[in-house]
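Visitor:
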């Protein structure tokens, strides 16, 4: 189940960004990203590093999802937390620049 949750986590964080764009930013093939997101393929270490960096993901979430996740819903919930933190930080930065 952990791979399904991790795939959902990455897909949720990707949002409206195309797979092609994210794959390029993460330094992996679009096919690899597709397999990670939809076919529960375990990502190689370099793919994990690239995806975490490109998506501003949290390593603690990735570790949890790989070891303990029971459902894709857990991946989605954690990704939504990350998105909320990113939005909050961006709003704070915008307020500081005014």
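Residue numbers (the numbering used here): 2 to 99.
Think of the CB as a built atom: it goes at the ideal place given N, C-alpha and C, for glycine as much as any other residue.
Here the structure is a predicted model, which is why all the values come from computation and not from measurement.
(1) Runs of 4 residues minimum, wholly inside the stretch 19–87: which ones carry the alpha helix (DSSP H) assignment?
(2) Are the stretch 12–28 and the stretch 39–52 touching by the rule of at least three beta carbon pairs closer than 8 Å?
(3) How would you call residue 62, buried or exposed, if buried means at least 16 neighbouring beta carbons within 10 angstroms?
(4) Between which two residues does the alpha helix (DSSP H) harbouring residue 3 extend?
(5) Roughly how many angstroms separate the alpha carbons of residue 43 and residue 98, rounded to a whole number?
(6) Compare the beta carbon distance of residue 45 and residue 3 with 8 Å and say whether it is the shorter of the two.
(7) Buried or exposed: which applies to residue 16, given that a residue is buried once 16 or more other Cβ atoms fall within 10 Å of its Cβ?
(8) How many angstroms separate the CA atom of residue 35 from the CA atom of residue 14?
(9) Sort 21, 89, 47 and 75 by Cα distance to residue 5 and report the nearest one.
Guide: With the structure as the only source:
(1) 20–27, 31–39, 46–56 and 60–69
(2) yes
(3) On the chain shown, position 61 is the one that residue 62 refers to. Buried.
(4) One-based indexing of the chain shown puts residue 3 at position 2. Residues 3–15.
(5) Translated into the one-based positions of the chain shown, residue 43 becomes position 42. Translated into the one-based positions of the chain shown, residue 98 becomes position 97. For residue 43 and residue 98, the distance between alpha carbons rounds to 41 Å.
(6) Position 44 of the chain shown, counted from the start, is the residue given in the question as residue 45. Position 2 of the chain shown, counted from the start, is the residue given in the question as residue 3. Contact: no.
(7) Position 15 of the chain shown holds residue 16. Answer is exposed; the Cβ neighbour count stays below 16.
(8) Residue mapping note: residue 35 aligns to position 34 of the chain shown, counting from 1. Residue mapping note: residue 14 aligns to position 13 of the chain shown, counting from 1. For residue 35 and residue 14, the distance between alpha carbons rounds to 14 Å.
(9) As a first step, residue 5 is located in the chain shown; it is residue number 4 there, counting from the start. Cα-wise, what sits closest to residue 5 is 75.
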